[in-house]
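Numbering (this note's numbering), first residue to last: 423 to 592. Data first, discussion second: the structure below is written as C-alpha cells.
Next up, the structure:
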C-alpha cells in the first residue's frame with residue numbers, strides 16, 4: 423500500500439473515502455463560516471460560543487489556515503475531495519510523489535500570487551489574501567527578482583504544479 427493509495431479491501435476504501443469526504447465538507451464549512459471574532463489561537467474573545475458552523479474546532483482551524491495560507495486554504499477541501507473520490511472508487515493514485523509535490527507547489531504559488539497581487543486583503547477580517555506563507559515567500563521573491571521576475575516565477579510554479587497534479591501531458 424502506498425501513502426495515499428487505497429487498500430485491497432473495497433469496503434475499507436469506501437469507509438476511508440467517506441471519512442475524507444466528511445472531513446472535506448467540515449473543512450469547507452469552517453472556512454466559509456469564518457468569523458474573526460470567534461475564539462481562536464490568536465483572538466481573545468468574550469464570546470462563549472463560536473459563530474462558526476463547525477463550532478470552536480472550526481473557528482480555530484479556519485483561523486489557523488486562513489492566517490497561514492490565506493485564500494489558498496480553500497484548496498485543501500478540494501484536495502481532500504479528490505482523495506476521497508479515488509478512495510471511494512478504489513482507484514490507485516499514480517505517481518503519488520509527483521501529486522504531493524504538485525499540491526505543495528500549488529499552495530505556495532497560489533499564496534505567493536495572492537500576496538503579489540493587488541491588495542485583496544479580506545477587508546472585514548483584516549487578513550492578508552496570501553497569508554503569512556504568501557507574504558514571506560512573496561517578500562523573498564520581490565527582494566531577489568523584483569516584481570516582474572517574481573510574478574514570472576510564481577506563474578511558472580503554478581503551471582508546473584498543475585502539470586504535476588493533473589494527467590495533462592505535452
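Quick reminder that beta carbons are idealized off the backbone N, C-alpha and C, glycines included. Because the structure is a prediction, the values reported are computed rather than measured.
Check: Considering only C-alpha positions, which residue in the set 470, 436 and 476 is nearest to residue 447?; Outcome: 476
Check: Would DSSP call residue 462 helix, strand or coil?; Outcome: strand
Check: Could you give the DSSP three-state label for residue 426: helix, strand or coil?; Outcome: coil
Check: Taking DSSP as the reference, what is the three-state secondary structure of residue 549?; Outcome: strand
Check: Where does residue 474 fall in DSSP's three states?; Outcome: coil
Check: Give every residue of the same chain whose Cβ lies closer than 6 Å to the Cβ of residue 556, excluding the five residues on either side of it in the sequence, and list them in chain order.; Outcome: 492, 533, 534, 536 and 537
Check: Which of the three DSSP states, helix, strand or coil, is assigned to residue 456?; Outcome: coil
Check: Does residue 519 pass the burial test, meaning 16 or more other C-beta atoms within 10 Å, or should it be called exposed?; Outcome: exposed
Check: Can you tell me whether DSSP reads residue 436 as helix, strand or coil?; Outcome: helix
Check: Provide the residue span of the alpha helix (DSSP H) that contains residue 534, from first to last.; Outcome: 518-538
Check: Do you know how far the Cα of residue 500 is from the Cα of residue 436?; Outcome: 18 Å
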